[in-house]
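Residue numbers (my numbering): 37 to 273.
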């Protein structure tokens, strides 16, 4: 399995780094301030839980981290590369090559098999069909889906669907995984199982993960927990 770990002796670089990030939205005659001089660093191999009440700005933070929105101030670094001033095409390339996304709903393509859903993003990136299929088979096997490669999403359980979605998210060997309630649609037992597999994948590959969740049991199993309070990103005990 590929890894994004730094070379021996290299100075470690955060996979994601917010430096004094600001984000606000126009609201009537004023502005709604979501982030205010917010700082955050997430390192390779680290799982960080984003825990905050609805309306606090979790989605905004994830959109900024995923380069889907631009900050109103400060800088966002992906693997040490500043992104705030990047052209849209370069941001798209960085998002495609350096990031993976997992959502509450799997968003798999229903007409394709599990294997084909994981192959697709690799073909878009330019890998050959042979390379992409080999990589997809390896990933799905690692996630316990070796016997489900040819099954379409409707033929898979909820937990299996989400594991395919995770495989698709990491198929291109990203530096950073961003997840928004990735187990929110699953029952507690299945959620714990899928999360355990996600943790194993992060540990094995060395990617960094920022996971928004309301599940405090899962949040407690991550390396750190952060929240958004008064526009700042704060560490939780």
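Glycine included, C-beta positions come from ideal geometry on N, C-alpha and C.
For residue 158, the secondary structure class from DSSP, reduced to helix, strand or coil, is helix. In the structure shown, residue 119 falls within a coil segment according to DSSP collapsed to helix, strand and coil.
Going by beta carbons, residue 141 and residue 208 fall outside the 8 Å limit. Counting only the Cα atoms, residue 122 lies some 16 Å from residue 55. Close CB contacts of residue 160 within its chain, under the 8 Å cut and outside five residues either way in sequence, are with 132 (chain order). Within 10 angstroms of the beta-carbon of residue 182 lie fewer than 16 other beta-carbons, which makes it exposed.
If you draw a straight line from the Cα of residue 152 to the Cα of residue 85, it is about 30 Å long.
Annotation note: the stretch 60-142 contains the following uninterrupted alpha helix (DSSP H) runs of length 4 or greater, listed N- to C-terminal: 94-101 and 124-134.
Between the alpha carbons of residue 203 and residue 172 lies a distance of about 7 Å. Within its own chain, the residues whose Cβ lies closer than 6 Å to the Cβ of residue 189, once the five positions on either side in sequence are excluded, are 144, 146 and 197, listed in chain order.
Cβ contact annotation for residue 112 (same chain, cutoff 8 Å, sequence separation greater than five): 52, 53, 54, 55, 57, 100, 101, 103, 118, 119 and 120, in chain order.
By the Cβ neighbour-count rule, residue 205 is buried, with 16 or more other Cβ atoms within 10 Å of its own. For the set 65, 233, 210 and 267, the Cα lying nearest the Cα of residue 114 is the one of 210. Residue nearest to residue 130 within the set 232, 228 and 212 is 212 (criterion: CA-CA distance). Spatial neighbours of residue 137 in its own chain (CB-CB distance under 7 Å, excluding positions within 5 residues in sequence) are listed in chain order as 102, 205 and 214. For residue 51, no beta strand (DSSP E) segment is defined, and its DSSP state is neither H nor E.
Runs of alpha helix (DSSP H) with 4 or more residues, each lying fully within the stretch 192-243, are found at 194-206 and 224-241, listed in chain order.
By the Cβ neighbour-count rule, residue 223 is exposed, with fewer than 16 other Cβ atoms within 10 Å of its own.
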